[in-house]
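Asker: Residues in the sequence shown are numbered consecutively from 1, following the UniProt record's numbering.
All C-beta atoms, glycine included, are put in the ideal place defined by N, C-alpha and C.
My questions all concern the structure below.
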Amino acid sequence: MEESVALRSYFQAHKQEMIDTLAAWVAVPSVRGDAKPGMPYGAEPARMLKLALEQCAALGFQTESVANCMGSVELNDLPAALAVLCHLDVVPAGEGWSQDPFVLIYRQDTDRLYGRGAIDNKGPAVAALYAMRAIRELHIPMKHGVRLLLGTDEENGSSDLTAYLQQRTMPPMVFTPDGDYPVINIEKGMLRLTLTADMKPVESGCRVEAMEGGTVVNGVPACASARIRDCSRQQLESLCKQLPEGIRADLSETDGCCCVTLQGLSAHASKPELGKNALTALLDLLVQLPLPDEQHALLNVLHAAYPYGDTDGTALGIGCRDEKSGALTHVLSLLTYQKGRLTAWVDLRYPLCGDGEAIIARITEVLQSGGISTQLQMHHKPHETPESSPFVRTLLDVYAQSTGQQAHALAIGGGTYVHDIPGGVAFGAEFPGEENQMHGGDESIRVESFLKIAELTALAMIRLCGDASEEML
1 MEESVALRSY FQAHKQEMID TLAAWVAVPS VRGDAKPGMP YGAEPARMLK
51 LALEQCAALG FQTESVANCM GSVELNDLPA ALAVLCHLDV VPAGEGWSQD
101 PFVLIYRQDT DRLYGRGAID NKGPAVAALY AMRAIRELHI PMKHGVRLLL
151 GTDEENGSSD LTAYLQQRTM PPMVFTPDGD YPVINIEKGM LRLTLTADMK
201 PVESGCRVEA MEGGTVVNGV PACASARIRD CSRQQLESLC KQLPEGIRAD
251 LSETDGCCCV TLQGLSAHAS KPELGKNALT ALLDLLVQLP LPDEQHALLN
301 VLHAAYPYGD TDGTALGIGC RDEKSGALTH VLSLLTYQKG RLTAWVDLRY
351 PLCGDGEAII ARITEVLQSG GISTQLQMHH KPHETPESSP FVRTLLDVYA
401 QSTGQQAHAL AIGGGTYVHD IPGGVAFGAE FPGEENQMHG GDESIRVESF
451 LKIAELTALA MIRLCGDASE EML
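Structural data, given as structure tokens:
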């Protein structure tokens, strides 16, 4: 494409500005907090949105805050035909960092920028902003408008998008750099369930007094712990030696209790096979203890439904797969147990062939038989935008021409920001073969990839909304 050379030169010249902008955005720990007046997701997401819109306005763009949930940034005065949907909220820092997660650090040995949000999704948002700036400052002709949308609740259900759509209309074309290149056109259905159970506190014998594990509902828990009273330390040490490969144990004593802490490996809930679930490993250990009958029965039901290493629902009898979208995945991701009250969260992704209602019914049946109640918290059905559509074909062509690589549409288990937007797709931001530790410790983005995302985003804007874009609408 003739614009590619000019764009690459532009982004190289503005590389440090882009890094500085990303550093300012990473410095805001925009994890969802308690709602406050004018701050529906807490103080930090609100501060992040205010900062981003101020910086966009300082660059000369028209901006708007919609419902204090989402920012809107317009490329020009033309009606927007394309929205690039990004998010400024992040997951909690979690474990596994070799640095302060909210300080952007450049490491020359890897040519990477490290910080929470570097790839998910502040880095791609900055790239999209500079893509718009490049188009404007290089005077590239456009026949339609482009709108950059900056949300603040993607990681916790995308209620910001719902609020936005109640007040504004989405442009006819939408992509989000919140997934993988080349293009994601299929996303599995998503379910989130809470599990609860009560039982009388036990006063004697070997017993679990408290448990906790996980930090986010959409991630494999890397840490889980239990406080156990009146249990043989020798037996616990023996069980810790039998833990699965990749799970580390630490034993300590506090207030007459033995505390067992397991460390695994975090991963996104859409790819649980890449993680080591410390919570299900802990259940494996606990059910082998001589616990009181009621406590053992409860934990055993949970363990039978979510045994360590089962990421496809086999134990629950809900496993399914199809050629387009792959296999069902599920994760027991959060759990707390105190004073006889157990609360847990489950994240599940199912393929196009799956029946969400039947899956919910099966989980409910199995767990209720053991005294565990289930409540549906979220259900998004599978999403598909045909690969044959002109929109998808154009994005694939942009990627192929710019990278020299073959391009075909992808199906994923992760839910991107466009999951509930008809016709929406993900265009980037992770390149094939790259591992950026999204949602994990030491999340990062390669500087070269950072600039390439900006280039691809700009080229997509030009192809979809520039001089040769009429066939798209």
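Determine the extent of the alpha helix (DSSP H) in which E17 is found, giving its start and end residues.
Answerer: It spans K15 to V26 - the alpha helix (DSSP H) in which E17 sits, taken as one unbroken run.
Asker: Please classify V217 as buried or exposed, where buried requires at least 16 neighbouring CB atoms within 10 angstroms.
Answerer: buried
Asker: Express the C-alpha separation of K339 and P201 in angstroms, rounding to a whole number.
Answerer: 6 Å
Asker: Pick out whichever of D420, V28 and S449 has its Cα sitting closest to the Cα of L104.
Answerer: V28
Asker: Closer than 7 Å by C-beta to A6: which residues in its own chain qualify, once you throw out the five before and the five after it? Chain order, please.
Answerer: L138
Asker: Output the boundary residues of the alpha helix (DSSP H) element that contains F175.
Answerer: Not the alpha helix (DSSP H): F175 falls in the beta strand (DSSP E), residues M173 to T176.
Asker: Find out if the Cβ-Cβ distance for the pair K143, L22 is shorter than 9 Å.
Answerer: no
Asker: By DSSP, does Q242 sit in helix, in strand, or in coil?
Answerer: coil
Asker: For the stretch 39-88, which segments carrying the beta strand (DSSP E) assignment without a break, of at least 3 residues, lie completely within its bounds, in sequence order?
Answerer: Correct list: 62-66, 70-74 and 80-87.
Asker: State the Cα-Cα distance for the pair Q166 and S204, rounded to the nearest angstrom.
Answerer: 56 Å
Asker: With N185 as the anchor, note down where its beta strand (DSSP E) starts and where it stops.
Answerer: Element bounds for N185: V183 to E187.
Asker: Along the chain, which unbroken stretches of the alpha helix (DSSP H) at least 4 residues long are found entirely within the stretch 364-403?
Answerer: 390-403
Asker: At 3 residues or longer, and completely inside the stretch 143-167: list those beta strand (DSSP E) runs for me, N to C.
Answerer: List check, beta strand (DSSP E) in window: 145-151.
Asker: Taking Cβ to Cβ, would you say T343 is nearer than 9 Å to T215?
Answerer: no
Asker: Starting from D250 and walking both ways along the beta strand (DSSP E), at which residues does that stretch end?
Answerer: R248 to T254
Asker: Kindly confirm or deny that the stretch 230-247 and the stretch 283-295 touch, where touching means at least three C-beta pairs closer than 8 Å.
Answerer: Below 8 Å, enough C-beta pairs join the stretch 230-247 and the stretch 283-295 to call them touching: three or more.
Asker: Below 8 Å on the Cβ atoms is my guess for G96 versus S266; work out the distance and round it to an integer in Å.
Answerer: 7 Å
Asker: Between which residues of its own chain and T254 is the CB-CB distance below 8 Å, once the five residues before and five after are set aside?
Answerer: R227
Asker: Quick one: what does DSSP say A411 is sitting in, helix, strand or coil?
Answerer: Strand.
Asker: Under a Cβ-count criterion, where at least 16 other Cβ atoms within 10 Å of its own Cβ denotes burial, should A58 be classed as buried or exposed?
Answerer: exposed
Asker: Find the nearest neighbour of E387 within the set G354, E365, K324 and D153, judged by alpha-carbon distance.
Answerer: With distances taken between Cα atoms, E387 lies closest to K324.
Asker: Looking at L396: is its Cβ nearer than 9 Å to the Cβ of H383?
Answerer: no
Asker: Cα-Cα, which of E455, L464 and D467 is closest to F11?
Answerer: That would be E455, whose Cα lies nearest to the Cα of F11.
Asker: Pull up the DSSP beta-bridge partners for D347, would you.
Answerer: R192 and V331
Asker: In angstroms, rounded to a whole number, what distance separates the CA positions of F102 and V220?
Answerer: 21 Å
Asker: Per DSSP, C258 is paired with what?
Answerer: I228 and E253
Asker: Taking only the alpha-carbon atoms, compute the straight-line gap between P307 and A281 and give it to the nearest angstrom.
Answerer: P307 and A281: Cα-Cα distance of roughly 8 Å.
Asker: Taking just the CA atoms, how far does L376 sit from M132?
Answerer: 40 Å
Asker: Looking at the structure shown, is E137 part of a helix, part of a strand, or coil, going by DSSP?
Answerer: E137: helix per DSSP, three-state reduction.
Asker: Please state if the CB of A197 and the CB of L298 are separated by a distance shorter than 9 Å.
Answerer: yes
Asker: Can you tell me the Cα-Cα spacing of M211 and M173, whole angstroms?
Answerer: 46 Å
Asker: Taking three-plus beta-carbon pairs below 8 Å as touching, is the stretch 80-96 in contact with the stretch 144-159?
Answerer: yes
Asker: Is it the case that the Cβ atoms of G370 and V301 are separated by a distance below 9 Å?
Answerer: yes
Asker: Do you know offhand how far I372's Cα is from N76's?
Answerer: 55 Å
Asker: In this structure, how does DSSP classify T280 when only helix, strand and coil are distinguished?
Answerer: helix
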